[in-house]
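In our numbering, the protein residues as written are 5 to 348.
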Ligand code: B4P
């Protein structure tokens with residue numbers, strides 16, 4: 005039975021047509037990337053590198069600078085208030101949202117769920133945000149026949165650049181005989197799917213070196229009426245763990261720190277989700293910076309999708325290894341047996 009979250013059957017066709025015409029008209033800057041598949045310490049990674057080192061990345065940077073500069077009245081520019089018409093796929097979805105194309109896409113048809121009225125990116129997601137995002141993800145998978153991932157960058161250290169609530173969606177890299185990519189949380193969620201119950205501590209991969217992360221399976225059997233509650237409950241379990249992990253990390257840093265500099269009080273994390281699971285990763289920095297090299301990591305980095313904006317960055321990534329990059333922008337994984345659920 006149709007309800008306010010029902011996604012039109014024409015959704016993905018409209019999205020495809022809009023993407024093609026926005027690229028053609030120049031309203032959307034699509035920079036195709038070269039991708040390579042890697043397996044490091046049993047984890048699949050896909051590195052995307054933007055080719056034409058000088059032209060395309062600068063085109064993105066210049067366009068963004070132009071678009072994101074403050075408005076004459078001094079208020080921060082909000083590109084989603086209102087979104088540019090050529091990028092709009094669904095002007096209204098589930099009453100309070102719209103669906104728009106990413107103006108600076110690296111993979112085709114990258115799209116965003118945005119609130120129509122500006123709401124902060126740093127606030128916790130609401131059950132309706134999760135339900136709307138889940139329905140869109142499911143519709144994109146079904147209508148395109150390709151698997152997508154949804155993600156949310158929350159807080160200043162998460163990679164978020166626009167303070168207007170937005171959840172993003174990308175098609176996952178496909179696997180072939182020789183090139184394999186499987187997001188590493190897949191097998192953990194599959195293993196625990198049947199026995200995991202609401203209120204249980206989220207699942208983590210017990211592996212070092214690794215970064216702190218929290219996974220909950222999503223039950224696709226939940227009926228339409230229950231999905232709101234199901235997603236909201238499991239997300240709040242993740243959020244609780246994120247807050248505890250950040251608090252523990254800050255206490256440890258306070259004990260070991262020799263400086264009196266004020267510490268950041270922000271709560272930053274990435275949320276990544278598929279139809280089968282949700283994962284939250286607490287963040288401590290938006291970029292990896294070392295030796296004059298800066299590699300930005302957003303939510304999809306946590307499932308092994310890393311973007312290098314130059315050959316130099318790509319070589320650096322290969323040389324240092326992806327886990328060095330990821331560990332530097334997150335909280336190192338420790339198996340804290342004393343942690344209990346909801347102890348924030
Ligand atoms: P945020 O949550 O703020 O941050 P982000 O995805 O990390 O994007 P950022 O802007 O920092 O991009 P970056 O250089 O790291 O997301 C804001 C979103 O709104 C972005 O997708 C942005 O492009 C989009 N946007 C900005 N202005 C807009 C407008 N006027 N209308 C519509 N949309 C607008 O990376 C460059 C791009 O590559 C980003 O799109 C990023 O999501 C994507 N990307 C990063 N890593 C990737 C990977 N491994 N594989 C594929 N794509 C990847």
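From the three backbone atoms N, C-alpha and C, an ideal C-beta is built for every residue, glycine too. A quick note: this is a predicted structure, and the numbers were derived from the prediction, not measured.
Legend entry - Three-way DSSP call (helix, strand, coil) for residue 232 in this model: helix
Legend entry - When 238, 110, 143, 206 are compared against residue 177, the one with the closest alpha-carbon: 110
Legend entry - Spatially closest choice to residue 216 from 202, 142, 242, 144, by CA coordinates: 242
Inset, instruction - Mind listing, in chain order, the continuous alpha helix (DSSP H) runs of no fewer than 4 residues lying wholly within the segment 113-161? - result: 131-148
Legend entry - Option in 44, 11, 51, 36 with minimal Cα separation from residue 312: 51
Inset, instruction - Have a look at 41, 247, 99 and flag the residue whose alpha-carbon is nearest the alpha-carbon of residue 182. - result: 41
Legend entry - For residue 160, the nearest candidate out of 206, 323, 124, 136 (CA to CA): 124
Inset, instruction - Return the chain-ordered list of same chain residues with a C-beta closer than 7 Å to the C-beta of residue 135, the five sequence neighbours on each side being excluded. - result: 9, 231, 232, 235
Inset, instruction - Throw me the rounded Cβ distance for the residue 175 and residue 152 pair, which I believe falls under 8 Å. - result: 5 Å
Legend entry - ligand 1 heavy atom lying under 8 Å from the CB of residue 150: no
Inset, instruction - Could you tell me which residues DSSP puts in a beta bridge with residue 30? - result: DSSP, once it has assigned bridges, lists no residue as partnering residue 30.
Inset, instruction - Could you tell me which residues DSSP puts in a beta bridge with residue 274? - result: 157, 285
Legend entry - residue 84 versus residue 202: straight-line alpha-carbon distance, rounded: 35 Å
Inset, instruction - Return the residue from the list 218, 164, 127 that minimises the CA-CA distance to residue 335. - result: 218
Inset, instruction - Note down, in chain order, each residue of its chain lying with its Cβ closer than 6 Å to the Cβ of residue 97, except the 5 sequence neighbours on either side. - result: 103
Inset, instruction - Using a threshold of 9 Å, state whether the C-beta atoms of residue 278 and residue 253 are closer than that. - result: no
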